[in-house]
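Asks: Below you'll find the structure I mean.
2 protein chains.
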Amino acid sequence: MHTEQRRRAADLFKSRGTEFALLANPANVTWLSGHALPVLTGMSPFAGGPSLVWYEDGEFTLIAMEGTTGGADTEVISYPWFTYQGPITSSEKLADIVGGLLKKAGRRPVGAELRHLPAQFKPEEAVVVDGWLDPLRMVKTADELVLMRRLFDLTGCGHRAARQGLQVGMREIDVWGLVATEVERQAGRRAALACDCVVSHRQDNSGGWPQDHQIRQGDSLILDLGVGLDGYWTDSCGTYYPGEPDREQAALHRAVEETLVYATSLVKPGAAASEIDRRMREFLKKAGYADYPHHSGHGIGTVTHEEPRITPYNPLRLQAGMVIMLEPGGYIPSKNAVRLENAVLVTEDGCEVLTHHLSS
Amino acid sequence: MHTEQRRRAADLFKSRGTEFALLANPANVTWLSGHALPVLTGMSPFAGGPSLVWYEDGEFTLIAMEGTTGGADTEVISYPWFTYQGPITSSEKLADIVGGLLKKAGRRPVGAELRHLPAQFKPEEAVVVDGWLDPLRMVKTADELVLMRRLFDLTGCGHRAARQGLQVGMREIDVWGLVATEVERQAGRRAALACDCVVSHRQDNSGGWPQDHQIRQGDSLILDLGVGLDGYWTDSCGTYYPGEPDREQAALHRAVEETLVYATSLVKPGAAASEIDRRMREFLKKAGYADYPHHSGHGIGTVTHEEPRITPYNPLRLQAGMVIMLEPGGYIPSKNAVRLENAVLVTEDGCEVLTHHLSS
């Protein structure tokens with residue numbers, strides 16, 4: 001399912017006269033190969049290094065540990081990993097493989113993602129290609145959208161668990177337990193989870209991992225949840241109350257909600273990211289609330305935050321096929337906090353909301 | 361609390377005439393600085409690269425994103441990470457810092473962990489120091505032991521949750537939900553979790569992440585659990601039954617248990633890893649069971665598996681202060697499976713068991 005990605009990347013390399021390349025940015029390795037890198041427990045101590053992708057004259061090959069699965073149509077060169085019958089030689093074996101490939105390039109230049117490539121594999125004649133593929137990842141393929149829709153639905157299950165389970169006296173980490181358990185229960189397997197899970201009486205109540213802060217009567221809880229599965233990430237944010245929100249909370253919630261609806265109406269091909277950002281902030285300020293101290297949104301895919309960033313400085317214009325998060329928020333330190341975040345798919349004439357946790 | 365580690369490393373560098381070094385192996389960065397690298401969600405997309413440690417003439421400095429905390433007595437050079445008001449320039453800023461440090465070395469050689477160091481930071485005159493610090497990490501400091509004891513206790517809470525909650529009809533992932541929730545509930549925050557969580561009727565019932573395999577009457581469940589917190593890891597394994605084990609299961613369980621007790625009796629300074637491995641396997645075979653298809657144990661610390669590996673080929677001799685895992689197992693594919701694993705601290709005249717999940 002990653003042939004379209006490889007076609008785009010091959011076109012780019014050809015247009016820039018790049019015959020060989022060694023790609024190491026995990027976001028690109030996944031995007032080119034379908035190989036989901038391990039996230040939850042970090043790199044295996046038995047891996048010889050991160051998984052890499054070798055590009056040569058129009059073709060891409062994944063280089064990864066034995067047992068690694070990529071997309072069905074991905075060529076893989078694998079090396080043995082764990083053994084208990086002798087010393088683990090994964091590093092040496094991976095070095096042999098990469099050495100052999102680099103030798104094919106001879107003295108010709110090799111494109112290399114030097115920010116992620118281990119120094120031991122640095123080509124003698126390296127052309128820096130860090131960032132080259134970032135713009136190509138912005139527009140999602142049909143297959144990516146199928147996967148991402150499924151993951152956004154899964155993410156919604158986590159929100160439902162928080163909304164239904166939240167009670168006065170629980171701690172942030174207790175609510176988090178409900179969320180994480182429900183997502184993995186629905187997935188039938190472990191999932192990487194990115195989050196903010198913070199109670200509104202925190203001084204900085206806009207984000208952070210769940211701690212043992214207790215939820216009191218009159219608090220709200222922000223749950224910003226991303227699920228990472230099969231190499232792709234989601235994002236989403238909801239704000240929940242252990243009882244009925246009071247008048248102040250309800251007013252803030254409504255203002256943020258209306259800002260999100262307004263933001264959604266701005267999304268269409270050609271719209272500038274900075275313009276969406278500016279108009280979202282103005283809309284919320286007009287409702288009488290302070291500007292939020294974070295971006296208005298961002299792209300998402302094989303990495304949790306990517307272009308297009310919906311930020312004050314970004315002139316980038318939206319294109320059909322992009323998936324962006326929109327996340328206005330209102331914060332009154334140590335008191336009230338609301339953030340609401342949807343994913344939208346930019347369509348030919350507007351957008352489609354991909355997340356349903358705020359309406360279900 | 362990492363001065364002892366830095367003293368050991370500085371002694372090594374001095375003895376080998378290394379004046380400058382750039383360390384990038386996450387296990388060493390944590391070990392030298394106390395800085396716990398992010399595990400659960402992978403490297404932040406706003407990080408300019410992995411955290412690094414710079415060594416210069418006896419002194420160590422952590423190079424990491426703003427907001428990073430190391431040990432209290434660790435020198436830190438930090439660079440700005442996320443901003444929404446302009447493009448994120450963490451990579452450029454980190455490159456400036458590292459470039460400035462490398463310039464100080466001039467044309468003198470710089471030790472570098474080339475397997476983990478990003479290629480963009482490769483020193484012109486690099487001396488490969490990959491693996492140099494591995495032997496130094498084996499013997500734990502008093503401070504490390506305080507932290508690890510606490511983490512082993514926390515790990516035990518996960519086992520208790522599985523033992524008490526396991527029921528016929530649950531799936532592996534449901535049991536896992538109990539385990540993960542209990543560990544994070546007790547920790548009061550999120551924790552990285554490494555695991556096997558497999559039901560005995562799986563064909564390969566020795567390991568794997570929890571899936572949606574259902575637990576049936578007559579099954580056992582292997583829970584191999586590692587908790588990663590504050591930069592350090594634990595490990596542990598227990599085998600649990602949804603009811604009373606039958607005669608065959610009880611006999612296998614007893615044999616593995618006795619192998620573990622026997623293994624523990626072999627641990628003392630001077631004992632060779634390969635000899636412990638050999639005798640553990642023989643002991644279990646004498647009880648009438650097939651050899652297990654994995655190592656007999658391993659060291660643990662800032663990485664889940666490290667030296668000393670308790671394996672057939674390893675001549676390494678134990679020293680007081682090492683923490684090793686011992687994990688004999690018996691497996692009858694698709695039928696019965698038992699693995700029991702304790703952590704032991706090698707003492708002057710034997711060892712002390714650090715895990716209590718099998719006896720409490």
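Chains as they are written, first to last, in this note's numbering: chain R, 1 to 360; chain P, 361 to 720. Even glycine gets a Cβ: it sits at the ideal position worked out from N, Cα and C. The structure presented is a predicted model; accordingly, all values stated were derived computationally and were not measured.
What does a CB cutoff of less than 7 angstroms around P/Ala540 pick up in its chain, not counting 5 residues either side in sequence?
Replies: Result list for P/Ala540: Leu553, in chain order.
Asks: How should R/Glu66 be labelled, buried or exposed, when 16 other C-beta atoms within 10 angstroms of its C-beta is the threshold for buried?
Replies: It is exposed - the Cβ of R/Glu66 has fewer than 16 other Cβ atoms within 10 Å.
Asks: State yes or no: is the beta carbon of R/Glu66 nearer than 8 angstroms to at least one beta carbon in chain P?
Replies: It does not: the Cβ of R/Glu66 has no partner Cβ on chain P nearer than 8 angstroms.
Asks: Suppose the cutoff is 8 angstroms on Cβ atoms and the five residues either side in sequence are ignored; what does the same chain contact list for R/Ser360 look like?
Replies: Within the same chain, R/Ser360 has close Cβ partners Gly156 and Arg160.
Asks: Using a C-beta cutoff of 8 angstroms, does R/Leu114 count as contacting chain P?
Replies: At least one chain P Cβ lies under 8 angstroms of R/Leu114.
Asks: Have a look at P/Leu412 and R/Ala24 and give me their C-alpha separation to the nearest angstrom.
Replies: The alpha-carbon atoms of P/Leu412 and R/Ala24 are separated by roughly 18 angstroms.
Asks: Under 9 angstroms Cβ-Cβ, which residues of chain P neighbour R/Leu117?
Replies: Correct list: Pro478, Ala479 and Gln480.
Asks: Buried or exposed: where does R/Val338 fall if 16 or more other Cβ atoms within 10 Å of its Cβ makes it buried?
Replies: Classification of R/Val338: buried, given that the 10 Å Cβ count is 16 or more.
Asks: Kindly list, in the order they appear in chain R, the residues whose Cβ is closer than 8 angstroms to that of P/Val399.
Replies: Those within 8 angstroms of P/Val399 in chain R are Leu40, Thr41 and Gly42.
Asks: Using the Cα positions of P/Tyr601 and P/Val663, report the straight-line distance between them to the nearest angstrom.
Replies: Rounded to whole angstroms, P/Tyr601 to P/Val663 spans 30 angstroms at the Cα level.
Asks: At a Cβ threshold of 8 angstroms, is P/Ser451 touching chain R?
Replies: Yes, P/Ser451 counts as interfacial toward chain R.
Asks: Measuring CB atoms only, is the region 254-265 of chain R touching the region 209-220 of chain R, in the sense that at least three cross pairs come out at less than 8 angstroms?
Replies: Too few Cβ pairs lie closer than 8 angstroms, so no.
Asks: Taking the beta carbon of P/Tyr482 as the centre, do at least 16 other beta carbons fall within 10 Å, making it buried, or is it exposed?
Replies: According to the sequence as given, residue 482 of chain P is Lys; it is not Tyr. Classification of P/Lys482: buried, given that the 10 Å Cβ count is 16 or more.
Asks: By the criterion of Cβ-Cβ separation under 8 angstroms, what are the contact partners of R/Pro312 in chain P?
Replies: Tyr444 and Gln445, listed in chain order.
Asks: CB-CB under 6 angstroms to R/Asp235, same chain, minus the five flanking residues each way: which ones, in chain order?
Replies: These residues qualify, in order along the chain: Gly226, Ile300 and Met325.
Asks: For P/Ser375, count the other beta carbons within 10 Å of its own beta carbon; 16 or more makes it buried, fewer makes it exposed. Which is it?
Replies: Classification of P/Ser375: exposed, given that the 10 Å Cβ count is below 16.
Asks: Would you call the CB atoms of R/Pro308 and R/Met138 closer than 8 angstroms?
Replies: Yes, the Cβ-Cβ distance between R/Pro308 and R/Met138 is below 8 angstroms.
Asks: Quickly, what does DSSP pair P/Leu461 with across the bridge? List them, please.
Replies: Note: P/Leu461 sits in no beta bridge, so no partner.
Asks: Sort P/Arg550, P/Gly446, P/Gln546 and P/Val535 by Cα distance to P/Cys557 and report the nearest one.
Replies: Looking at the Cα atoms, P/Val535 is the closest of the given residues.
Asks: State yes or no: is the C-beta of P/Arg638 within less than 8 angstroms of the C-beta of P/Pro672?
Replies: Cβ distance < 8 angstroms, so P/Arg638 and P/Pro672 count as in contact.
Asks: Counting only runs of 4+ residues fully inside the region 633-707 of chain P, write out the alpha helix (DSSP H) ranges in chain order.
Replies: The region 633-707 of chain P contains these whole alpha helix (DSSP H) runs: 633-646.
Asks: Using a Cβ-Cβ cut-off of 8 angstroms, state whether R/Ala192 counts as contacting chain P.
Replies: For R/Ala192, the answer is yes, since a Cβ of chain P falls inside 8 angstroms of its Cβ.
Asks: How far does the alpha helix (DSSP H) with R/Trp176 in it extend, from its first residue to its last?
Replies: Unbroken alpha helix (DSSP H) run through R/Trp176: Glu172 to Ala187.
Asks: Are the C-beta of P/His665 and some C-beta of chain R separated by less than 8 angstroms?
Replies: Closer than 8 angstroms to some Cβ of chain R, the Cβ of P/His665 qualifies, so yes.
Asks: Whose Cβ in chain P lies nearer than 7 angstroms to the Cβ of R/Gly49?
Replies: Within chain P, the residues near R/Gly49 are Arg475.
Asks: Can you list, in chain order, the residues of the region 552-577 of chain P whose Cβ is nearer than 7 angstroms to any Cβ on chain R?
Replies: Those would be Ala552, Ala554, Trp569, Pro570, Gln571 and Asp572, in chain order.
Asks: In this structure, what does DSSP give as the bridge partners for R/Cys197?
Replies: Answer is R/Leu223.
Asks: Less than 8 angstroms between CB atoms is the rule here; does P/Pro495 satisfy it with respect to chain R?
Replies: Output row for P/Pro495: interface = no.
Asks: Hey, does P/Gly394 have any beta-carbon neighbour from chain R nearer than 8 angstroms?
Replies: Chain R contact via Cβ: absent.
Asks: If we ignore side chains and look at the alpha-carbon of each, how far apart do P/Phe643 and P/Pro405 end up?
Replies: Roughly 50 angstroms separates the two Cα atoms.
Asks: Return the Cβ separation of R/Ala47 and R/Trp81 in integer angstroms, given the expectation that the two are a contact with Cβ distance under 8 angstroms.
Replies: R/Ala47 to R/Trp81, Cβ: 6 angstroms. Contact.
Asks: Residues of chain C with CB under 7 angstroms from P/Arg468, in chain order?
Replies: Among the protein chains of the structure shown, namely R and P, there is no chain C.
Asks: Under a CB-based cut-off of 8 angstroms, is R/Glu275 close to chain P?
Replies: No - not a single Cβ of chain P is within 8 angstroms of the one on R/Glu275.
Asks: Using a Cβ-Cβ cut-off of 8 angstroms, state whether R/Pro328 counts as contacting chain P.
Replies: Closer than 8 angstroms: no.
Asks: Can you name the start and end residues of the alpha helix (DSSP H) that R/Val261 belongs to?
Replies: Arg247 to Leu266 is the span of the alpha helix (DSSP H), which, as asked, contains R/Val261.
Asks: For R/Leu40, collect the residues of the same chain with a Cβ closer than 7 angstroms to its Cβ; drop the 5 residues on either side in sequence, then sort them by chain order.
Replies: Around R/Leu40: Arg190 and Ala192.
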